[in-house]
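Participant:
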Amino acid sequence: MAITQNDIDMVLELFDPLAPIKYRKMMGGLTIYAANVTFAIHDPDNGIYLKSDDQTHQFFEDEDLYKFEFEKKDGSVATMNYYPMPERCYDDPEELEVWARRSLDVALRAKAKKKPKKKKP
Numbered sequence: 081m082a083i084t085q086n087d088i089d090m091v092l093e094l095f096d097p098l099a100p101i102k103y104r105k106m107m108g109g110l111t112i113y114a115a116n117v118t119f120a121i122h123d124p125d126n127g128i129y130l131k132s133d134d135q136t137h138q139f140f141e142d143e144d145l146y147k148f149e150f151e152k153k154d155g156s157v158a159t160m161n162y163y164p165m166p167e168r169c170y171d172d173p174e175e176l177e178v179w180a181r182r183s184l185d186v187a188l189r190a191k192a193k194k195k196p197k198k199k200k201p
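Residue numbers (our numbering): 81 to 201.
1) Cβ of Ile83 within 7 Å of Cβ of Leu92?
2) Measure how close the beta-carbons of Ser183 and Leu130 come, nearest whole angstrom, since I'm counting them as under 8 Å.
3) Roughly how many angstroms separate the alpha carbons of Asp96 and Thr111, rounded to a whole number?
4) Classify Met90 as helix, strand or coil using the three-state DSSP reduction.
5) When DSSP builds the beta bridges, which residues end up paired with Thr84?
6) Looking only at its own chain, which residues have a Cβ that is under 7 Å from the Cβ of Lys105, when we skip the five neighbours before and after it?
7) If you scan the stretch 125-176 from start to end, which runs of the beta strand (DSSP E) of 3 or more residues do you find wholly inside it?
8) What are the partner residues of Lys105, as DSSP defines its beta bridges?
9) I'd like the span of the beta strand (DSSP E) that includes Ala120, first residue to last.
10) Could you check the C-alpha separation between Asp89 and Leu98 for me, to the nearest Å?
Okay, structure coming up:
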C-alpha cells in the first residue's frame with residue numbers, strides 16, 4: 081500500500097511535540113526526521129517504527145516488540161534497529177512523547193558518533 085496524505089497528516093500530528101517534524105517518502109513509506117536526524121519510519125502496512133540502540137532496545141523487547149525485518153533482493157532477511165511503536169502510543173500523547181524522545185535521543189547519539197566528513201581540496 082502506498083503512503084497517503086492521511087498517513088502523512090497522522091505522522092505529523094502524532095509527533096507534533098517534537099516539532100518541527102520533517103518527512104521523506106521512501107520505498108513506499110516515510111522516514112521521519114526531527115533535529116535533522118531520522119528517528120522513525122512509517123510503513124503504511126505495519127505502522128510506525130522507532131529507532132533503537134544498545135541503550136534502548138530492552139524497552140522494546142520488554143514490550144514483546146521485535147526489530148524491523150525486510151527481505152533483501154537475494155531472498156535473505158535483514159534487520160534494522162527500528163522497533164514497532166507500542167500500540168498504546170497511538171492513543172496516548174504523553175506515552176508517545178516518551179518513546180519518541182527516546183528514539184530521537186538514539187538518533188542524536190548516532191549522529192554525534194559519526195566522524196565529520198572530510199572536505200575535498
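A virtual CB, placed ideally from N, CA and C, is assigned to each residue, including glycine.
Facilitator: From the atom records:
1) Against a cut-off of 7 Å, the Cβ pair of Leu92 and Ile83 comes out as no contact.
2) 4 Å
3) 15 Å
4) helix
5) Per DSSP, none; premise fails for Thr84.
6) Ile83
7) The qualifying runs are 127-131, 148-151, 157-160 and 162-164.
8) The partner list for Lys105 (beta bridge, DSSP) reads Leu110.
9) Val117 to Asp123
10) 15 Å
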